[in-house]
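A short write-up of the structure that comes next.
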Amino acid sequence: MAASIVGLDIGHGVLRAAEVSQGGRSKPKLLRYHEVTFPADATREGEILEPDVLVRAIKQLWTAGKFKSKDVVLGVGNQRVLTRDLAVPKVPLARIKETLPFLVQDLLPIPVADAVLDFYPISEGVNDTGPVIHGLLVAAAKAAVLANVKVVQQAGLNPVDVDLVPFALTRALMKGRAGGGTVALVHIGAVTSCVVVATDGVPQFVRIIPSGGDEVSSALAALGLDVAKVESIKGTLGLLRDAYVSESVAAAETVIKITEELLTTVRNTLTFYTNTRPTDPIGRIILSGGGSRLRGFPAALEEFTRLQVELGDPTERFAVAKGFDELRLPTALPAMSVALGLTLRSAS
Ligand SMILES: Nc1ncnc2c1ncn2[C@@H]1O[C@H](COP(=O)(O)OP(=O)(O)OP(=O)(O)O)[C@@H](O)[C@H]1O
Ligand SMILES: [Mg+2]
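Going by numbering that gives the first Met the number 0, 191 is the number at position 192 of the sequence shown; the sequence numbering is gapless.
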């Protein structure tokens with residue numbers, strides 16, 4: 000049997016893992032998927048504060064999910080990961096990567112020595128200085144990436160790769176049939192969201208947004224509602240103002256106001272992209288992330304952006320193994336795309 004790898008997504012108070020075997024020419028096979036929760040304050044904005052809590056949770060995840068492989072691909076995409084559009088003189092990619100530290104110091108909020116840098120070429124052009132390559136600079140705090148790698152090692156596993164979460168999502172949701180033409184992916188998490196615009200599955204533009212579904216939860220909690228009530232309001236009433244009973248008007252208004260702020264950020268991000276590439280309009284939106292399950296969110300996003308919104312299905316690129324508990328998939332779908340996309344790194 001082909002060797003399998005596990006994509007591990009460190010979410011907000013939840014770890015998700017998907018084990019996949021590479022299928023040679025056929026589709027990779029989804030062998031198992033599992034999630035475990037951990038105290039959310041062990042991370043902050045995606046950064047690990049309490050490594051021991053994470054190590055325990057990872058071990059528990061491997062036991063409960065019966066994962067066979069120890070080879071792990073990790074995602075990074077928290078709020079301290081910076082993505083910037085960057086044009087560099089046209090030279091071979093290896094050379095660009097070597098000279099990145101000298102090119103980008105002024106763009107970074109942290110010293111270059113403390114950052115992991117990467118450059119993804121997107122297109123070629125010419126500016127005042129001559130031929131250039133337009134691409135995406137990705138810069139992450141070294142300490143934060145190493146902390147993620149370390150908890151995986153301490154749990155007895157073997158981190159084989161680290162990938163940017165928006166790229167993992169692009170692979171899971173925008174390649175192949177689902178991703179033809181220029182499409183925007185909108186992923187709404189708990190504390191971090193992102194927007195990717197891709198043409199025929201190749202990312203052109205990436206933005207990480209430091210906000211997500213938990214802003215609604217915090218605002219509802221501030222009205223004195225308990226956690227169970229908050230989650231039930233988000234899932235069943237959400238943005239449907241008329242569904243709320245009269246005494247919870249304040250809750251309805253809170254959910255709508257906070258969500259409209261996030262929708263405005265998403266719309267402005269898309270408008271920014273469209274203004275920079277007026278010849279390449281966005282055809283539609285693919286939506287993912289647990290935060291997108293707020294009742295009424297897809298319709299509100301359509302209304303805000305005037306674009307058609309589809310729910311992403313990260314399992315499309317996979318064959319699902321026999322005996323896999325498929326019934327569990329529908330509820331987990333919006334949240335499992337990162338873990339699944341991480342396994343596609345080598346198959347992209
Ligand atoms: N059925 C639902 N209805 C409404 N909101 C939901 C539902 N399920 C999950 N959410 C919300 O989705 C958010 C979690 O999304 P997700 O699981 O994608 O985030 P995460 O990966 O754990 O965190 P992050 O990526 O931000 O670090 C939370 O705000 C949660 O309340
Ligand atoms: Mg997430």
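In this text, a Cβ means the ideal position worked out from N, Cα and C, and glycines have one as well. Since the model is a prediction, treat every value here as computed from it, not as a measurement.
In chain order, what residues of the same chain lie with their CB nearer than 6 Å to the CB of residue i, ignoring the 5 residues before and after it?
i       : result
Thr-198 : Thr-181
Ala-189 : His-11, Gly-211, Gly-212 and Asp-213
Pro-202 : Thr-169 and Val-195
Ser-347 : Residue placement at Ser-347 is flagged as unreliable, the pLDDT there being 44, under the threshold of 50; the coordinate-derived value follows with that caveat. Here the set comprises Arg-170.
Leu-332 : none
Ala-218 : Thr-253 and Ile-257
Ala-138 : Leu-81, Leu-107, Ala-114 and Leu-116
Asp-279 : Thr-181
Thr-36  : Gly-12 and Val-13
Asn-267 : none
Ser-216 : Val-229
Leu-7   : Ala-16, Val-71 and Leu-73
Quick check: is any heavy atom of ligand 1 less than 7 Å from the C-beta of residue i?
i       : result
Gly-179 : no
Val-190 : yes
Ser-216 : yes
Val-13  : yes
Pro-293 : The residue asked about is misnamed: residue 293 is Leu in this sequence, not Pro. Yes - ligand 1 has a heavy atom lying nearer than 7 Å to the Cβ of Leu-293.
Lys-228 : no
Lys-256 : no
Thr-70  : Thr is not the amino acid found at residue 70; the sequence shown has Asp there. No, Cβ of Asp-70 sits at least 7 Å from all heavy atoms of ligand 1.
Asp-312 : no
Asp-225 : no
Gly-155 : no
Lys-96  : no
Asp-160 : no
Ala-171 : no
Asp-213 : yes
Gly-289 : yes
Gly-340 : no
Gly-45  : yes
Lys-65  : no
Gly-74  : no
Gly-129 : no
Gly-234 : yes
Ala-334 : yes
Identify, in the order they occur along the chain, each residue of the same chain with its Cβ nearer than 7 Å to the Cβ of residue i, setting aside the five sequence neighbours on each side.
i       : result
Leu-99  : Leu-116 and Phe-118
Val-54  : Val-150, Gln-153 and Ala-154
Ala-171 : Pro-313, Arg-316, Ser-336, Leu-339, Gly-340 and Leu-343
Ser-3   : Glu-18, Val-19, Ser-20, Leu-30, Lys-67 and Ser-68
Gly-289 : Gly-188, Ala-189, Gly-212, Pro-333 and Ala-334
Thr-275 : none
Leu-262 : Ala-299, Leu-300 and Phe-303
Ala-63  : His-33 and Val-35
Gly-237 : Val-254, Leu-293, Arg-294, Gly-295 and Phe-296
Gly-282 : Gly-180, Thr-181 and Val-182
Suppose the cutoff is 8 Å on Cβ atoms and the five residues either side in sequence are ignored; what does the same chain contact list for residue i look like?
i       : result
Glu-44  : Asn-77, Gln-78, Arg-79, Val-190, Thr-191 and Pro-209
Pro-27  : Val-19, Ser-20, Gln-21, Arg-316, Phe-317, Ala-318, Thr-342, Leu-343 and Ala-346
Ser-25  : Ala-318
Leu-85  : Leu-102, Val-103, Leu-106, Phe-118, His-133, Gly-134, Leu-135 and Leu-136
Asn-126 : Ala-86
For chain B, find out if any of its Cβ atoms is closer than 8 Å to the Cβ of residue i; answer yes or no.
i       : result
Gly-188 : Protein chain content of the structure displayed is limited to a single chain, and chain B is not contained in it.
- Beta carbon shell of ligand 2 at less than 5 Å from a heavy atom: Taken from the N-terminal end onward, the list reads Gly-10 and Gly-188.
- Is there contact here, the segment 108-120 with the segment 129-140, by at least three beta-carbon pairs under 8 Å? With a cut-off of 8 Å, the segment 129-140 and the segment 108-120 count as touching, because enough Cβ pairs lie within range.
- Query: Should the segment 221-234 be regarded as contacting the segment 246-266, the criterion being three or more beta carbon pairs within less than 8 Å?
  - Reply: Contact between the segment 221-234 and the segment 246-266 is present: 3 or more CB-CB pairs across the two stretches fall below 8 Å.
- Message: Any contact between the segment 103-112 and the segment 292-307? By contact I mean 3 or more CB pairs, one from each, below 8 Å.
- Response: With the cut-off at 8 Å, the segment 103-112 and the segment 292-307 do not touch.
- Task: State whether the segment 157-166 contacts the segment 64-74, with contact taken as three or more CB pairs (one from each stretch) at a distance under 8 Å.
- Result: Yes, the segment 157-166 touches the segment 64-74.
- Message: My parser needs the alpha helix (DSSP H) runs of 4 or more residues fully inside the segment 28-90; what are they?
- Response: Whole alpha helix (DSSP H) segments, 4+ residues: 50-64.
- Item | Sequence ranges, alpha helix (DSSP H) only - wholly within the segment 131-178, length at least 4 | The DSSP assignment places complete alpha helix (DSSP H) segments of no fewer than 4 residues inside the segment 131-178 at 141-153 and 164-173, in order along the chain.
- Minimum length 3: unbroken beta strand (DSSP E) runs contained in the segment 267-328: As far as the segment 267-328 is concerned, its whole beta strand (DSSP E) runs of at least 3 residues are 283-287 and 307-310.
- In chain order, which alpha helix (DSSP H) runs of at least 4 residues are fully inside the segment 175-236? Counting only runs of 4 or more, we get 213-220 and 226-231.
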